[in-house]
Structures are given as C-alpha cells and as structure tokens.
Amino acid sequence: MQRIGVFVCWCGSNIAATVDVDRVVAEAKVQPNVVFAQDYQYMCSEAGQGIIRNAIAEHKLTGVVVCSCSPRMHENTFRKAAERAGLNPYMVEIANIREHCSWIHKDKEEGTEKACVLMRAAVAKVLLNSPLKAGESKVTKRALVIGGGIAGIQTALDIADAGFEVDIVEKRATIGGRMAQLDKTFPTLDCSACILTPKMVEAAANEKVKLYTYSEVESVGGFVGNFHVKIRKKARYVKDDICTGCGACMAKCPSKKGLNEFNMNLNNRPAIYIPFAQAIPNVAVIDPEQCVKLKTGKCGLCEKVCTAGAIDYTQKDEIIEEEYGAIVMATGFQPIDASKFDEYSYSTCPDVVTSLELERLMNAAGPTGGVLLKPSDKTHPKSITFIQCVGSRDVSGRGKCYCSKICCMYTAKHAMLIRDKYPDVEVHVFYIDVRTPGKNFDEFYRRAVEQYDVDYIKGQVGKVYEEDGHLVVQGVDLIANEQIILNTDMVVLATAIEPDPTARKVASMLTASIDTNDFITEAHPKLRPVESPTAGIFLSGVCQGPKDIPETVSQAGAAAAKVIGLLAKDKLLTNPCVSHSNELLCNGCSCCEKVCPYGAISYEDKLINDHGVRETRRVCVVNEALCQGCGACTVVCPSGAMDLKGFSNKQIMAEVDAICR
Amino acid sequence: MHFDQKETANLITRMSGTDPKKCMKCGKCSASCPSFDEMEYHPHQFVSMVVKGDVERLLASKSITKCLTCFACVQRCPRGVEPANLIEAVRVTALRQQGTCYLSPDDVPAIVDDQIPQQALVSAFRKYRK
Amino acid sequence: MPINEANQEIKKEWKPKIVAFCCNWCSYAGADLAGSSRLVYPADVKIIRVPCSCRVNPMFILRAFEKGADGVILCGCHPGDCHYSTGNYYTRRRMTLLFSMLDYIGVEKGRTRVEWVSAAEGVKFSTVMNNFVSKIYELGENVKVGDLRCKE
Amino acid sequence: MTYSYYPGCTLKTKAKDLDHYGRLCAEALGITLEEIEEWQCCGAVYPLAQDEIATRLSSVRTLMAARDKGQALVTLCSACHHVLTRVNNDMAGNDNIRTKANNYLQPAVPYAGETRVLHYLQMLKECVGFDELAKKVVNPLKGRKIGAYYGCMILRPAKEMAFDDPENPTIIEEFIKALGAEAVVYPMRNECCGGYVTVKDADLAKKRVAKIMHSAKDKGAEELITACPLCLYNLQANAGADAVPVTYITELLAEALGLK
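Residue numbers (this note's numbering), protein chains in the order written: chain A, 1 to 661; chain B, 1001 to 1130; chain C, 2001 to 2152; chain D, 3001 to 3260.
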C-alpha cells in the first residue's frame, strides 16, 4: 500500500496570508493513503527539507506531495531532498498553491478551498506515480556560438579559456559586430577599436576557437549535449586560406558603387572588398550582386592583380556538418529604420542622421576621416540637435514598446565629444527622461550638462524640416511650457534598437522561445537570465534584451560559465518522462511515428507473448534518448498502447477527478 | 447644479474613446501642434489635466476652439493617446453642459465672402455650435 | 421573500468547476507570471500541468464533463512557438473536432476553449481566465455528460 | 471599371471645377463614375466623440448605397474622404456604433462597413496606374514646378486612412510626374492650413497659410495643387506675401489630358 506524506509550505506570509495552512494539513490527513501531513514556514529551507527527509524515513513514505510555490521554482529542490532520503525523486508531486492560488486570491476562505483541491489533485496523482530513472546521454565537448560580435567573441574566448573547443558562426565577412562600428565607448570614452580589435585577434589566434565567417546556421537537430548543426559557408569567391589581405584587388576593381555597410552606407566600396582595415579574417570577399565578372562574365581584373592567386569565381556555397554539446545565441541587434519616423525627415534630408551613422561620421576610419562634416555639403556644422527615443517606448505600432537602454548614454557621449572637439558647435538634446542607471553613468551625463554646456531640453520634437537652407526643429520645452522652433545644421536621431532580423529564424531552429519583440526569452528572468528554457541553448548579448557593452560582456561571461558547466560533464541525465508503448496493445499502425517531431519512434518485428499466444508482431519502439516527452503520440494512438511516464493517462484522469469531485 | 469634476473627466475620457493614462509625458503632441501658440492649455496639458480630473478650467478655456483638428498629435503620439479626441470631447462636453455657442448665425454674413465653401460653414457650425 | 431573491440565493451558492490544462513551457509559466504579478482571476479555475497542449487527450476533457466540470480550457504556446515544434498544431485540429462534437451532444461551445498564452503573457492569462469564467457563469451549471445506457 | 461616386456639397457649388474635371477625366480614362442618388452631406467633420451617432448617419447612408450597388465608393474632396473612411471603419470595427446606427436606420440589410472607400487619386493609381496615365497625357506639363499640398484630412490618422506615408507622402508627386511636370517636395505639404478656423479665426488661418506658402516657395514650387476645396479656398483667401497659385488636382489632370 502507498504511504503518502503531504507537506504544506507557508512561504512566510506569501501563502499563509491567504491560505489557512492548518486546514490544508487537516484536509490532507483525511485523504486516502496519506499517513503524514505537516506545515512549515519555509519548506525549501534546509530545515524544511529536513522535515521531509525525516518523515520519509520515519513514516516509510512511498510518495510525497509538497504544497508550495510553482514546480518551475522548487520541484528539483524537493526531488533532491526526497532522493537524499532514499525515495525515488519522481515520487514527488508539487501542488502549486502560491502562484496559482495564494497570490491571486484575496479571500482566505476561497484560497483555502482551492489549495485543498490542488492538494487533493496532487495526492491523487502521486498515488499513481511510479519510480522513474533518468537515462544518460553523452556530451559532445564542443560549443557553437552564433554571432561574432563582442558578445559572441567574449563567450567563445571564455569557453576556450576553460579548454573546450568552440566555433563562432558569423554571417558577415568579419567578426566584430556592431562594436567595431563604434567610435568611442561610454562612460570612459576609450576608443572602441582599441579595446575590441585585440579580442578579435585573440579569437582568431586561439587554437580552440574556429571562425566560420560569411556563414550561417542552416539547420539544427538533436538535443542538449548532442546537437547536429549544418553550417552554410557562403561563397566568398576568394580562397580564404590564400588571400593575404593586401587590398590590391580593391584598388583595381572597376565597380566601385557598392554601399559600404560598415560605414552605414555613407560612402561606397568596390565589389571586392575587405569590410574594414582590422577585419578578421583579413580576407577579401566579392559581392555577387555587384561584381561585373560574376554578373556578365566580363572583367576578371581582380584575378589578374591578385599575385597570391586567391580569386575563385567558381566557388560555391559549402555545407559543413558539426556536432556540438551546447549552443550560444549571440545574434545581436540593428537600429530600426528611421524612415518610419519621417516627421524627422530622415528620408528627405541628408543632414538628418542616426546615432550609428554619427559614430561613423566621427570615426577616424569613417567616410570623413573623423572630421565632423554635414553629409549634404561637407561643411562644418555650427549647431547639432539630438532627438532621443526615436521609436523607443513607442506603442503606436511604428516603434518598439521597450526602452532601448543605451541611447541616453551614447547621446550624452556624442554631445560631449562634439563639444570637446568643436567648442564652437551648439548642441541641443531633446529628451523625455534621461535614464542613466549604471556605474558612473549619471555622473557622465551630468558632465555633459555641467562641464560641456550641452543644452538638454525636456520634451519631444514634433517635426524636423528644411527651410531657407537650414534645418528647423519644431519641438516642445515642457519645463517652459513653450513650443520652440530651433534652427540647426544637423539632427541626430537616437533610433531604437531591435534584435537582428535573423534572430527569429535562428531561435526557431533552436526551438528557443522568443517574445513579441523577437528577443529570446530567458529560462527565468531573474534566476536563469543567460539560459533559454530549451536545454543546452544559452543567451549572450542583445539577443536577450537591450544592453550596453559592459553588460553584454558580463552576460557573455555568464553564458560561457553555463556552457563550461555543461561541457564539463561526461554524461547528462535525460528526462525520464518519456513515452513508452504497451507491446500487447500496439497494433503497429504507425500513427505515432508520424506525429513525433524527434523521430524517436520506430517499429520492430518482435516475438510477443499475448496471454499465451506467441506470435511475431510489428510493434512500436521508443528511443528514450531522443524522446522529449511532449505526448503527441499518446493521443493519436488508436489502441491506447502509448502512454507518457510521469504524465500518464491515469494520472491526469485522477487529477481531473479530484478537481471535479 | 452640482458639478463633479472627476465624474466629468471620466465622461470626457469615455467620450474620447482614448486612454489618457497611456501618456508618458513626452510632449510630442504639443511639439507637433500647429496651434500651440494660440492655446492657453496645450495638447499635453489636456491629456494630463483630464487624467487628474482637473477639467473645469479646460471647459472654460478658449483653447478648445483653437484646435485645428489636424490630427498631427494623434498621428505622432508614440503611446497611441489621441489628444485631438480628448480636446474634442472636452469641447463637446462644454457645448452640451453650458449651451454656449462660439458661433452665432448672426455673425456669419459679416465674416464670409462669396467664395467660401459650404464645407467651411458646415464644419464651423458643427464645431462651434450646440 | 420575493421569488427572484430566492433564486439569487441559490445562484450564489453555485460555484462552477473549471479545469484548465496548461502546457508546461508557455501557459503554465504564464499562469505563474500572472501569480507573481498578482493578477487576480477567479478561484474556480484549477490548473493541471501537461508537458504540451498536445498531451491532452480528448478523453480527459470528456472525463471532466462526465465528472461535473462546467468548463474546460486548454492553453498552449502560440502557433509557431511550440516547445516541441508542432504539438499545438495537433491540439488546434483535435480540439476543433472535439468541441463541435461536444456542442452536438449538448455541451455548448462556450464551455470549451483553446487559448494561446506565452510564458510572457501573465496579463493575457488572467484576462483569458476572467473572460472564460464569466462566460461559464453566463451559461450556468452544466448537465453532466454520462452514458445513457446506464441511466435508471 | 465602374465606381460609386460621392461628390459632396462643396463640389456641387463652390468647387465645381474639382467635380467637373474629375468626371471628365475619369470618362476619358475609361472609368465610369456613378453618382450616388439623393446623396446627403457627409457632415464635413468626423465626429470624434464616441457617443455621437446621429452625426454619422448620413455617411452611413452613402456607404450603404454604394454597398447595395456592389461598388467601391470614390470621393474627391479630402474632407468627405476623411469622414466617409472613418465612419466606415467605425461601422466595421466599433460594435457600439454599428449596433446603434443600424438600430436607428433599420436598413433591410444591416451595414457593417463592407464598402471600400477610395480617394480619386487611389482610384487613378489602382485602376489606371501612373505609368499608364503618363502615356495618355497629350499636353505634357513640361517645365512646370508644381508642389503637392496634401493637407491633413487625407493622410491622418494613417492607421485609419491607410492612404500614404503620413509624414513623407508620394502619391500626388507621382501624379504630378505622370503629367510631365516637376514635382516639388516641400516639408509643409502635410501640415494643416487651418481651414476649419477660417470662418472664425482668419488670423490663425493666415499664419498657417503663410508658413505653407513660404515652405513651398522656398523649395521652388511655382504652383500648388490640392484635392481639398476648403484648403484651396483657405490657401487662396489667406495667402500673404509668398502667395503661389493653387488649383485642384483634377484641373491639372484635365489640362494634361487636353480636356481643359
């Protein structure tokens, strides 16, 4: 006979305030097969777990029900406690009387009643539990990082540092990402390239790190510890092991009208190009849309000038297959399209630029060689106006509902750098709120106001337009309660940032969940911020939510630590709640095979002893290492042979009965 | 008659079909308003005053007749608040409550010329009379 | 005492029994989020955790109505976001058929529902539950589904 | 192609040119415009208050008439287009307004926003196409520098009007280019001229018009075209020092097609 113990947690006053725990205990005691019930302030504490362990030993419990917070929070804790006392961990059930009860009901009577029902359902279920043993699977000791920006590079370097192999897949021709495009970084104003490029070089030089640039993840199969990944290495039309990066081809290429993506399309590049001087790998790539040779067959100049003989017009995309134990998403961000906000005339006025364009306009390697000039007539501007929150905190449908987090700080940085280098330039900043939580951040912003005389105006801009040869900013000063019309030479838009458009595709390949803004969802917003709910998938950088460089780097390190923790294991325990088929009932119809998303079901001819009748039948076999336990097969099985361990038909029916009693 | 500001503000909000509490006080409505300088209370103030229930002053203000109903504020508001709808709801409430009319038929001959389109007169009466 | 007041007395006593099947990855977490955000919904809703909405066998729902449930709601990940890639598509198709069959045998369409609630949609979870419960109150007590052959 | 056509009050009186040339050109382009029978004024102002039902009814009657004929409804006047489009959206998407309006009108078949409301320019773009239109031009307006004046009614709120990008519209510029003229883009083309207050507050209207005219002139426009009779009147009557001539879009079209 089963002997069940019920443990009711107060969770301080979180549960006890709206649920009469004494009554739940009293009700538990009269449930069939319940031989022990007790309440305690904090069941999850060491003392609380001690109560459970003692009761298991003392009362010879065969099953345990804990009425507490969500199983997503502490199921593991209580399973481990049971295991320590010699009970199979899968003989523990949780009744969620906090998130699903005490926290949402105000009336104590109502709350107590519901808690009793939930307890009853859990008792009914645990009576049908059977001990389960988790299987084991091997761990491939290599990690994949998708995205080669600062987030991906840092994660890869940290993983490599622990002695594991790690591959970076980067869709662009060079690693470096957005940070490579920045001029200076806040709040210390050190040069972005000076701190990033050594890391890029380190990634290339580290023998544990392999770079797949100009490559994309094509498909992902498998599961934690055992991912199979196909990587598409796009044709560069340049042999990357031969190219020396001398640049002779770039100088000779006759098709020079390509937009320079690295410089935010502010100037042009040839059809064969190296994205920027410090690119890693320092290897040229041909833009097939622009190359005359590839489009018409005539030209071939680059091949002639290449003394190394690296050009190969016949190169094709290559598919590489690799095995990984863990995958890190570091797909980064892009600024939103500013032409969605054409009241600021971004589409029509060249002197209206985005902040990332301004980074290039101020960078020594940028299109103006670091001299700040108006894009329209290449003259020195006398007045610059910054507009914050362009598309951030916008629920109108044009922008993003969230705060992009980095704009307040980089705008203060831009304002300060401009005032420092060109004291004759007047700088205005229209802001809604200045948000500067971060070490030395508010001090940084105040310096812009107090030392550099940047004019911060509280209010938004309604329209930017060109009139009489200059830009006019029509905005509001909410402190003065005045509309202001301001003549200015350049306008800089702090456009919202959004996840890179590839994030959604990559996430669905990884079955990582994604939120309504296409940011990847973390397993727990506070306690597991660098893990996806899908085992073996980790998050690094802005793909999880807006963040600045210091935060990105710390998250990258955290993701690496989680990956190292996984790769350090030789074996992984698999989820034992998997499907299994009753051979006596299975008629080999193949219905289940068709719905299984993991290919975990196959068929075998087996000798079956059916009540004394021995015959060979075609029956279903579940590969427990592949089955993820969704249960799709259990419902399609017409003969009722298929069931799911841990969530069996009988268990769920018992819960239904207990609730509807 | 007893005048309950809070209740009137609620009525105005319902009538406007918009939720002024969504406002994040960025001022883009007032920044966009072509009639800003004509108004005693500006579009962003309409929004915050209706939220606060401070509507008596709005109802009495000439500002309600200065709105050009050009929807620049509605178009550009990042929060989906529709300030023009609120201003209109205040104006309609003022007309319904006090019965005062900003335009009288007697005024018309003096202010129109023979080219004025019907549309202008219809809209003027629609906007300024009970 | 007027009759309609007496009726109200009886109505007050009746509390619907509502079973909510929630997928472990999205809706169960959404319900947790509703809880941690203190978004109130009626206590009549009792949640059963399933690994995926596609684990819900139509038998479970029939069983609930047989045992006296007044409403059954099934919540899963949004189409395209299923943790197991395709589970919720099966749910959608299965439930469309089941619900029209239930409607045919006398369990009105309003008593059954499928909703997609993600782990981030605590607000949606609470709104959905509030709506569903008020719909059940509107429909009143359900007739128990049972096997007529066994009826006396 | 046959459309229901709603002229509106002003097109029958003060803006006869807008109406007359609109019909003439449509005919020349192979489009039949069937005027709604016994149409009523649309109300000229879209009632923003949610509880104003009666003021929406005349628009509903027009929309219903087009629905009953199974035709899309074409308007020329920006204000009429604005009112009809938004009332139509209400009837499609606002349960309260739809129920009350239908209760009031008691039509044989209740109306739920089935009619498609189109502006004349959209009709040209969809039915003829600006590339095709360019081929039909007999009298290209070479060398003319024309600015489009959109005004506010036709563009905003973009979510409802779904006409063009409300901040950087291009449809009238495409139209001007199709007729062989140079389209002058100036920033104030989508800012309000103050038409509504022209009766009671001419000073304010004058300020607005001055700003628009200055902007148009600054960018080199030598003439403006508009689809709105109220805008046209206001731009003409309240122009200051920077005045440029204003005509209707259909007048320009008729000129290019050799019908004027």
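Just so you know, even glycine gets a beta-carbon here, dropped at the ideal spot from N, CA and C.
Predicted model only: the values in this text are computed from it and were never measured.
Closer than 8 Å to chain B by CB, residue i
| i | result |
| --- | --- |
| A/D394 | yes |
| A/K239 | no |
| A/V461 | yes |
| A/I537 | no |
| D/G3194 | yes |
| A/K256 | no |
| A/L361 | no |
Delimiting residues of the beta strand (DSSP E) encompassing residue i
| i | result |
| --- | --- |
| A/M490 | 490 to 495 |
| A/S383 | 383 to 390 |
| A/P335 | 333 to 335 |
Residue-chain proximity (residue i, chain A), Cβ-Cβ < 8 Å
| i | result |
| --- | --- |
| C/N2057 | yes |
| D/V3184 | no |
| C/M2001 | Its pLDDT being 41, under 50, C/M2001 is placed unreliably in this model, and the value from its coordinates should be taken loosely. It does not; no Cβ of chain A falls within 8 Å. |
| D/Y3187 | According to the sequence displayed, residue 3187 of chain D carries Pro and not Tyr. By this cut-off, D/P3187 is an interface position. |
| D/D3164 | no |
| D/E3167 | yes |
Proximity winner among the options, relative to residue i (alpha-carbon distances)
| i | options | result |
| --- | --- | --- |
| A/N587 | A/M642, A/A55, A/T574 | A/M642 |
| A/V665 | A/S383, A/G370, A/N363, A/I159 | Only positions 1 to 661 of chain A appear in this structure, which leaves residue 665 of chain A out of reach. |
| A/G48 | A/N33, A/A81, A/P32, A/D22 | A/A81 |
| A/G63 | A/A28, A/A173, A/V126, A/V530 | A/V126 |
| D/I3097 | D/M3153, D/R3056, D/L3073, D/A3178 | D/R3056 |
| A/H470 | A/S345, A/E207, A/L626, A/V238 | A/S345 |
| A/C243 | A/K208, A/L189, A/A310 | A/A310 |
| C/A2047 | A/T379, A/R435, A/S70 | One detail in the question is off: residue 2047 of chain C reads as Ile in this sequence, not Ala. Comparing Cα positions, the closest option is A/S70. |
| A/S649 | C/A2029, C/S2037, C/V2019, C/M2059 | Reading off the sequence shown, one finds Asn at residue 649 of chain A, where the question assumed Ser. For the residues C/A2029, C/S2037, C/V2019, C/M2059, the minimum Cα distance to A/N649 belongs to C/M2059. |
Any C-beta of chain D under 8 Å from that of residue i
| i | result |
| --- | --- |
| A/D377 | no |
| A/T348 | yes |
| B/A1009 | no |
| A/D518 | no |
Where the alpha helix (DSSP H) through residue i begins and ends
| i | result |
| --- | --- |
| A/I159 | 150 to 161 |
| D/M3123 | 3120 to 3123 |
| A/S355 | 355 to 362 |
| A/F186 | It is not in any alpha helix (DSSP H) - A/F186 carries neither H nor E in the DSSP assignment. |
| B/Q1005 | 1005 to 1016 |
Buried or exposed by the 16-neighbour rule on C-beta atoms within 10 Å, applied to residue i
| i | result |
| --- | --- |
| A/N54 | exposed |
| D/C3077 | buried |
| D/G3240 | exposed |
| B/M1001 | Below a pLDDT of 50, predicted positions are generally treated as unreliable, and B/M1001, at 48, falls in that range; the measurement from the model is reported next regardless. Looking at its Cβ environment, which holds fewer than 16 other Cβ atoms inside 10 Å, B/M1001 is exposed. |
| A/D377 | exposed |
| A/P381 | buried |
| A/W103 | buried |
| D/P3047 | buried |
| D/L3105 | exposed |
| A/E389 | Before going on, a small fix: residue 389 of chain A reads as Cys here, not Glu. Its Cβ being crowded by 16 or more others within 10 Å, A/C389 is buried. |
| D/T3002 | exposed |
| A/W10 | buried |
Within 8 Å, strictly: CB atoms of residue i and residue j
| i | j | result |
| --- | --- | --- |
| A/G325 | A/V139 | yes |
| A/A151 | A/A330 | yes |
| C/V2050 | C/C2023 | yes |
| A/A95 | A/A654 | no |
| D/M3091 | D/L3063 | yes |
| A/D518 | A/A503 | yes |
| D/A3221 | D/V3246 | no |
Neighbour flag for residue i against chain C, beta carbons, 8 Å
| i | result |
| --- | --- |
| A/H100 | yes |
| A/K505 | no |
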